[in-house]
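One structure below.
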Amino acid sequence: DVTGRPIGMIGVGQDITARKQVEQEKSRVAQELQTFIDTANAPIFGIDHNGMVNEWNNKAVEITGYSKEEVMGKNLVDVYISPDFRESVKLVFDDALNFKYTAN
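In short: position in the sequence shown from 1, add 232, done, that's the working numbering.
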């Protein structure tokens, strides 16, 4: 009104149902993949571009004796690979992280 008090309101609404459904599906798939990794019958580990462990499944725990909590965030090559193999393992990981694939 003329005194500056609001007399009404204008609003805009948008249906975000589809977006929420997509987010829920992405979350479900991510959880399913994490369960697959955790319960795989083979050791699965992951490292970031600095060689720090960012994934360590249950089979890796069973085979190595190192818990996930022990290895997460530590340099896989420097800490867990014996000195005799560090250089060659590091080269293989560096190539993989740079999308350079080689045959076994």
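Glycine included, every Cβ here is placed at the ideal spot set by N, Cα and C.
Everything numeric in this text was worked out from a predicted model, so none of it was measured.
Would you call residue i buried or exposed, if buried means 16 or more other Cβ atoms sit within 10 Å of its Cβ?
i, result
"residue 292", "buried"
"residue 303", "buried"
"residue 282", "exposed"
"residue 289", "buried"
Would you tell me roughly how many angstroms separate the C-alpha atoms of residue i and residue j, rounded to the nearest one?
i, j, result
"residue 269", "residue 316", "29 Å"
"residue 321", "residue 313", "8 Å"
"residue 330", "residue 318", "18 Å"
"residue 267", "residue 260", "11 Å"
"residue 258", "residue 297", "33 Å"
"residue 264", "residue 254", "15 Å"
"residue 238", "residue 251", "34 Å"
Have a look at the DSSP bridge pairing and note the partners of residue i.
i, result
"residue 307", "284"
"residue 278", "287"
Assuming residue i contacts residue j under a Cβ cut-off of 8 Å, what Cβ separation, rounded to an integer in Å, is found between them?
i, j, result
"residue 308", "residue 285", "5 Å"
"residue 334", "residue 327", "6 Å"
Closest to residue i by C-alpha separation, out of the options, would be which residue?
i, options, result
"residue 241", "335, 233 and 247", "233"
Is there at least one non-hydrogen atom of the ligand SAM closer than 8 Å to the beta-carbon of residue i?
i, result
"residue 309", "Within the structure as shown, the ligand SAM is missing, as the structure has no ligands at all."
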